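Protein chains in written order, with the numbering used here: chain A, 11 to 355; chain B, 11 to 355; chain C, 11 to 355; chain D, 11 to 355.
Each residue gets a CB set at the ideal place from its N, CA and C atoms; glycine is no exception.
For clarity, every value in this text was computed on a predicted model and none was experimentally measured.
Structure first, commentary second.
And the structure:
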C-alpha cells in the first residue's frame with residue numbers, strides 16, 4: 011500500500027466528491043462530554059403577551075382561528091420555531107362563536123387552559139370543556155377541533171412534539187371534511203369509564219395515549235391537596251402528580267410527559283437536573299425559578315418559563331403563599347430510549 | 011408382543027411399594043375432555059342467613075369478632091369450606107364498638123359491604139369507611155383490621171383466595187402486636203393520589219395489588235350510569251366495569267378478578283361460559299340467573315349466587331327495574347397461566 | 011352482651027341446612043401461620059423403577075403405548091396421583107416402532123429424556139429428536155405425538171401441571187383424527203429462528219409458551235460449562251440456567267419453571283427454601299440432597315427426588331465429580347400470583 | 011379592546027422582541043401533510059471508498075486510530091455529518107497492532123464487519139472477535155475498545171444514533187484511564203448464557219440493550235437458511251431475522267433496529283414503505299434497489315445504500331444468485347413513540 015504523501019486538502023476533496031468526510035475533524039463535536047443544549051432559559055411574560063394575543067385576534071379572521079397562535083421561540087435556537095430542542099409551545103386565542111376546523115395529525119398535542127370560560131376541545135367527537143388549569147390531550151392522529159361557546163375570549167397554552175416529529179420525519183396531517191366532528195359524548199363520560207380506578211372488563215390494546223384526555227384542574231388540585239395534607243412532599247419537587255394512562259401506568263402521552271407541582275410556601279427544595287427540557291407555567295402563586303449561573307426569576311401567574319436540559323435548578327414558592335406549577339417535558343422520549351439521566355441534590 | 015405372564019395385581023403391588031402407579035388406570039380422569047367442576051350452582055338467601063349472622067353475634071364474643079363469620083359452603087364440594095373450587099366466601103358481622111384484631115396473611119381478601127353504617131377497614135393504617143356497595147381490598151401480606159364506629163351492626167361479604175393459596179401451599183399469617191395498626195391516613199387520600207388519572211411522578215414497582223384498595227359504590231355506580239347513558243352495553247354482561255390497578259391496568263388483585271354489572275331492565279343478554287367460576291351478589295334490583303340445565307333463580311338484594319366454571323349462563327334484570335350485580339372470580343389466575351377460555355353466544 | 015340461650019349444636023345444624031358453617035371452628039386451619047405441604051421428600055430409584063417400566067412394556071400393548079406410564083406418587087398425598095401438591099411426574103417407555111397417538115390438552119407438559127436413542131416428540135408436526143438430557147415442551151393445547159424410530163426402548167420423565175389444571179377446572183383434551191400429525195419441519199429449524207438471539211422481524215403475540223420447545227442437552231451443557239469456566243457460581247444453586255421464552259424472557263412454560271444446575275465437586279452451597287415444590291432428577295454425578303430434619307439422600311443418575319415447598323435444603327456434588335441436576339417446579343405460578351417467597355442462607 | 015389598525019410588520023417586530031412569532035406564517039411547514047425527509051437515496055461504493063479508507067490509514071497515526079473513520083454524509087442533508095435524519099454511518103479501519111482507546115458514551119453503536127481477520131471489539135472487558143458479516147453492539151454507556159491482532163487491515167461499518175442523541179441533548183462521553191479495559195471474558199461466553207434459549211435463573215432488569223452484544227454471521231446465516239428451506243419467505247422482505255434482546259424480545263438496541271434479509275434469486279418482493287429510514291449494506295450477491303421515482307441501483311458487496319423514510323421501495327436479488335442484506339434503521343424510536351407507520355404492497 012503506497013499512496014505516500016497524499017495532501018490532506020486533496021484527500022478531503024476526494025472524500026467530499028464521494029459524499030464522505032473525515033471523522034477526526036469533528037469527533038469531539040459529534041460525541042460531546044455532556045449535553046450542551048442550544049436552548050436557553052427564558053421567561054415569556056403573560057402581561058406582555060396577552061395584549062399581543064388579543065391583537066392577533068384582530069389581525070386573524072375567525073375563519074383562520076385555528077392558526078391564531080403566538081409561538082414561543084427560544085432565543086437560543088436560531089431560525090427555529092420551538093421552545094426547547096424537541097418541543098413546541100404556543101399561546102392560542104379563540105373568540106366567542108369561533109371554532110377551529112376539525113383536523114388530525116401524528117403530532118401529539120396538549121392544551122393547558124390559562125383564561126376564559128366556555129371554550130372546549132373535542133376529540134373524536136368527545137367534548138372536553140375548558141376551564142383554567144385544565145390539562146387536555148389531543149392524541150396522535152385523533153380528530154379534534156376547538157370552539158368557544160362563551161361570551162369572552164378563551165386562551166390556552168399549546169404544547170406539541172412538533173420539532174421531535176419533524177426530526178423523525180413522521181409527521182402526517184389531515185383536514186376533516188366537516189368543520190366539527192360529529193358529537194359523540196363528553197370527556198367526563200370517558201373519565202368515569204377509565205379514571206375512577208375502573209376499566210373496561212375486557213383488555214384492549216393500551217395504544218400509546220391515555221383514553222382519558224381531559225384532566226380537570228379541580229381533580230388535580232384535590233390530589234395535590236391530599237399529598238400536602240398527608241405530608242407527601244418530594245424533596246425536589248414538592249407535592250407532585252403525573253398525568254397518567256390508566257391502561258398501563260405510563261405517561262398520558264407517548265412523547266410528552268406532563269405533571270403538576272404544588273410548592274408549599276417557605277419550603278426549600280433541593281436542586282436537581284435531568285436530561286429532559288422542561289416547559290412550565292404558573293397556575294397559582296408567584297414562584298421563583300433558580301438555575302445555576304442564572305439570575306433567579308420571579309414568575310407571575312400564566313408566565314411561561316423554560317429550563318433547558320441538564321441545567322441544575324429548583325423552584326420555590328416564596329414566603330407568603332403556596333405555588334402551583336404545571337410542567338411538560340420530553341422525559342418520556344429519554345426514558346423509552348434509555349437516555350434519561352438525572353442528578354438529584 | 012407376548013406377555014411373559016406377570017400378574018397385573020402383583021405388578022400393581024410392586025409399583026405401590028415403590029410409590030408408583032399405572033397411568034393407564036386413570037388417564038381419562040386425570041386429563042378429562044373438558045372441565046367438570048365439583049362445585050354446583052347455588053344460592054344463599056340473605057333473608058335466611060342474615061338472622062343466623064345476627065345469632066352468631068350472640069354466640070361469639072366481641073373479642074373474637076374477627077372470627078365471627080359464616081362461611082358459604084358449596085354443596086358440591088364435600089368437606090371443604092369454600093364457595094367455588096378455588097375461592098372462599100363468608101358473611102361477616104361486626105357490632106358497634108367491636109373490632110377485628112390487626113393481622114396480615116398472604117391470602118388476598120376483598121370485602122363487599124352489604125349492610126350498615128360506621129364500619130371501616132384499615133390497611134397499613136389507611137382507613138376505608140364502609141358503605142353499602144363499596145368494594146374494599148386487603149392486599150396480600152398487608153396489615154389490616156376492621157371496626158365499627160356506628161350504632162348498628164355492619165355486615166359484609168368476604169371473598170378470599172384461601173383454597174387457591176392452600177392448594178399452592180403458600181399461606182402465611184401473622185398477628186399484629188397491637189389490636190389496631192397506627193392510623194396513617196384514609197383510603198380517600200390514596201384514591202386522590204392514584205385514582206384520578208394521576209400517578210406519582212416517579213415510577214415504582216407496580217407490585218401485585220392495586221395501591222387503590224377502596225372503590226366506593228358511589229363512584230362505581232356513576233361509571234355504570236355513564237356507560238348506560240352512552241349506550242355502551244356489552245351484549246353479554248350489560249354495562250360493566252372492572253376494578254383495576256392504575257399502575258399497570260391489571261386486575262385490582264393478583265388472584266381474584268372483581269367487577270360490577272348494570273343490567274338494564276327488559277334487556278336480553280346473550281349466553282356465555284368461561285373457565286373461571288363466578289361468585290355474585292345483588293346490589294340493586296331482582297335479577298334472574300339462567301344456567302343451562304338448571305331452573306332459573308330469581309335473586310333478591312344481598313343474595314349470593316355461584317356459577318361454576320364452564321357452565322353456560324346469563325343474568326337478566328327483569329321488566330320493572332335495572333339490576334346491579336357485583337361479581338368476583340378466579341379469572342386472573344386462568345389468564346396468567348394461559349388457561350382462560352370463554353365461549354360467547 | 012347476653013347470649014339468649016341458643017344451643018351451639020342446633021345453630022350448626024341450621025347453618026348446615028343453609029350450606030353455611032361457622033368460620034371460628036376452622037380459621038386456624040384455613041389460614042395457617044406458614045405452609046404445611048402434604049407432600050413429603052421422597053426418592054424414586056431408577057434402579058428399581060426401570061425394570062418395572064420395562065415390565066409395563068409387556069403388560070401394555072403398542073396400541074396403548076401413550077398410556078404406558080408409571081406415575082410417581084408422593085407418599086404424603088393420599089389417594090392422589092401426583093408428585094407434589096400441584097405437579098405430576100411419570101416415567102414413560104416407548105418401544106421401537108411404537109407411537110403415541112396425536113392429541114392435545116390444556117395441560118402443559120415437559121419431557122426430560124433419561125435413556126435411549128431414536129425417540130422423538132412432534133409438536134404441531136415439528137419433530138424434536140430425543141436424546142438423553144434433552145428438555146422438550148409440549149405446550150398447552152398444541153397437537154403432539156411421540157414415537158421411536160430407534161432399535162431399543164426410549165424412556166423419559168414426564169412433568170405436567172395436571173393437579174393444578176384439575177384444581178382450576180381448566181382441563182380440555184382432544185384426540186387427533188390421525189395417529190400422527192402431518193410433518194411440517196423440525197425443532198432444530200424452530201431453534202434457529204428463535205434461539206440464536208434472533209427473532210422474526212414483526213412482533214407477534216408472545217403467547218404463554220416459548221416458541222422454542224426443544225432444548226437439547228448439548229447446548230444447555232455448554233452454557234453450564236461457560237458459567238463454570240467464568241466462575242459465575244450462584245452460592246445457592248451452583249451454575250444454573252433457566253429454560254426461557256425468547257419472546258419475553260419469561261419461563262418456557264406458563265405454569266412450570268424448569269432449570270438445570272451444575273454443582274462443582276467439593277463446592278458447598280448455602281441452604282435455601284422457597285414456596286414452590288421442586289422435582290429433580292440427576293443427569294450427571296451422584297449428588298446428595300440435604301433437607302433440614304431429614305436424612306441426607308445420595309442420588310444416582312436418573313433417580314427422581316422431590317423437595318416439598320418451604321423446606322430448607324441444598325444439593326451437593328460430592329468430592330469426586332461435578333453433578334448436573336435437572337429440576338422443575340411450580341415457581342411461575344407463585345410468582346405470577348404474587349405468592350412466591352424465598353429465604354436464602 | 012381597541013388596538014385597531016395595527017400594522018402587521020410592526021406587530022411582528024413587537025412579537026419578535028418578546029421571543030414570539032405568528033403561527034399563521036408557518037403552520038403548513040410545521041405540520042406537513044406527510045413526511046418530507048431531507049435525506050435522499052444514495053449509494054456509497056465500496057470500490058471507491060475502500061482505497062480512501064486505506065489512504066486515511068496513512069494520514070492518521072495509530073495513536074488516533076479510533077478517530078480514523080470516514081463518515082458517510084447524506085447529500086441531501088447540508089452541513090450535517092449523518093447518513094439519515096437520525097442516524098450516523100461511518101467506515102472504520104484498524105491496522106494490525108493498533109487499538110482504539112477504551113471509552114464510553116450514551117450513544118448506542120453497532121459495528122457490521124466488512125473485511126479482514128483478527129479484529130475485535132471488547133465491551134466491559136468481554137471480547138468479541140470480528141469476522142465478515144458479524145453484527146456487534148456497543149451498548150449505551152458501556153466501556154468499549156477495538157483492536158486488531160491480525161496481520162492485515164480490518165474494516166467495518168459503524169452505525170450510531172449520534173444525530174438522535176444530539177437532537178435530544180442526551181450525549182455523554184467519558185475516556186477510560188487505561189487504553190484497554192481489563193479482560194473479563196468473551197462474547198461467546200455471554201452468548202452461551204443468554205443466546206441458547208436459556209437465561210439466568212433469577213430475573214434482572216432487562217435494561218435497554220441486549221446482554222448479547224455479538225451476533226456472529228455464521229449463526230445468522232444459518233437462521234436465514236432455515237427460514238428459506240422452510241419456505242418462510244416474507245412477501246416484502248424475503249427471509250428475514252431481527253437482532254433481538256432475549257430478556258424481553260425487544261430490539262437488540264433501544265434506538266436502532268437491525269436485521270438481516272436473504273432475498274432468493276428470481277424472487278419478486280412486493281413494495282413497501284415505512285416512516286423509518288433504512289441504511290443497508292450487501293453481504294452476499296448483487297441486489298438491486300428499486301425506489302419509486304428513482305433509477306434502480308445495482309449494488310455490489312459492501313456497498314452502502316440509504317432509503318429515506320416514507321419512500322416506496324423493494325430489494326431484488328437478481329436471477330443468478332441469492333442476495334443477503336444487512337440493514338439498520340430508527341424503527342424502534344418510531345415504534346416506542348407511537349409514530350411508526352408502514353404501507354405494505
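With the criterion set as a beta carbon lying under 9 angstroms from some beta carbon of chain C, the members of the stretch 243-256 of chain D are 244, 247, 250, 251, 252, 253, 254, 255 and 256, in sequence order.
Residues of chain B with a Cβ closer than 7 angstroms to the Cβ of residue 236(C) do not exist; the shortest Cβ-Cβ separation is about 31 angstroms.
Distances from the CA of residue 102(B) to each of 96(B), 130(B), 237(B) and 87(B) were compared; the closest alpha carbon is that of 130(B). Measuring C-alpha to C-alpha distances from residue 49(C) to each of 184(C), 39(C) and 82(C) identifies 82(C) as the nearest. Counting the other Cβ atoms within 10 Å of the Cβ of residue 107(A) gives fewer than 16, which makes it exposed. For residue 166(A), the enclosing beta strand (DSSP E) stretches over residues 164-170. As the crow flies, the alpha-carbon of residue 281(D) is around 6 angstroms from that of residue 246(D). When the five nearest sequence neighbours on each side are left out, the beta carbons in the same chain lying within less than 8 angstroms of the beta carbon of residue 322(A) are those of 281, 282, 283, 301, 302 and 353, in order along the chain. Annotation: residue 105(B) to residue 19(C) spans about 23 angstroms, alpha carbon to alpha carbon. Within the stretch 203-223 of chain A, contact with chain B at the beta-carbon level (separation under 9 angstroms) is assigned to 203, 204, 205, 206, 207, 208, 209, 210, 211, 212, 213, 216, 220 and 222. Close to residue 70(B), with beta-carbon spacing below 7 angstroms, are these residues of chain C in chain order: 34. Contact holds between the stretch 335-354 of chain C and the stretch 163-181 of chain B, because three or more Cβ pairs, one in each stretch, are under 8 angstroms apart. Counting of Cβ neighbours within 10 angstroms places residue 39(D) among the exposed residues, the total staying below 16. As the crow flies, the alpha-carbon of residue 153(D) is around 19 angstroms from that of residue 45(A). Between residue 166(B) and residue 133(B), the gap from beta carbon to beta carbon reaches 8 angstroms or more. The shortest C-alpha to C-alpha distance from residue 27(A) to any of 118(D), 62(D) and 16(D) is the one to 62(D). Runs of the beta strand (DSSP E) lying entirely within the stretch 269-316 of chain D and spanning at least 3 residues, in chain order: 282-284, 288-294 and 298-301. Counting only residues of its own chain and dropping the five nearest sequence neighbours on each side, residue 119(C) has a CB closer than 6 angstroms to the CB of 148 and 170.
For residue 230(D), the three-state secondary structure derived from DSSP is helix. Annotated three-state conformation of residue 124(B) is strand, per DSSP. The DSSP-derived three-state label of residue 349(B) is coil. The three-state reading of DSSP puts residue 185(D) in strand, counting E and B together. Within the same chain, Cβ atoms closer than 6 angstroms to the Cβ of residue 271(C) are found at 247, 248, 250 and 335, the five residues on either side in sequence being excluded. Here residue 168(C) is not near residue 89(C), since their CB atoms are 8 angstroms or more apart. Nearest Cα to residue 67(C) within the set 266(C), 35(C), 109(C) and 33(C): 109(C). In the DSSP assignment, residue 98(C) falls outside any alpha helix (DSSP H) and lies within the beta strand (DSSP E) extending over 98-104.
Among the residues facing chain B, residue 75(C) is not included, as its CB has no counterpart in that chain under 8 angstroms away. Taking a contact to require three or more Cβ pairs closer than 8 angstroms, the stretch 252-272 of chain C and the stretch 225-239 of chain C qualify as touching. Taking a beta-carbon distance threshold of 8 angstroms, residue 268(B) does not count as an interface residue toward chain C. At the C-beta level, residue 150(A) and residue 117(A) come within 8 angstroms of one another.
Counting only residues of its own chain and dropping the five nearest sequence neighbours on each side, residue 256(D) has a CB closer than 6 angstroms to the CB of 204. Counting only residues of its own chain and dropping the five nearest sequence neighbours on each side, residue 93(A) has a CB closer than 6 angstroms to the CB of 82, 84, 99, 289 and 316. Contact annotation for residue 31(B) against chain C: 80, 81, 83 and 91 [CB-CB distance below 8 angstroms, chain order]. Taking the Cβ atoms as the reference, residue 337(D) lies roughly 11 angstroms from residue 299(D), outside the contact range of under 8 angstroms.
Per DSSP, the unbroken beta strand (DSSP E) holding residue 131(C) starts and ends at 129-133. In the three-state reduction of the DSSP assignment, residue 157(B) falls in the strand class.
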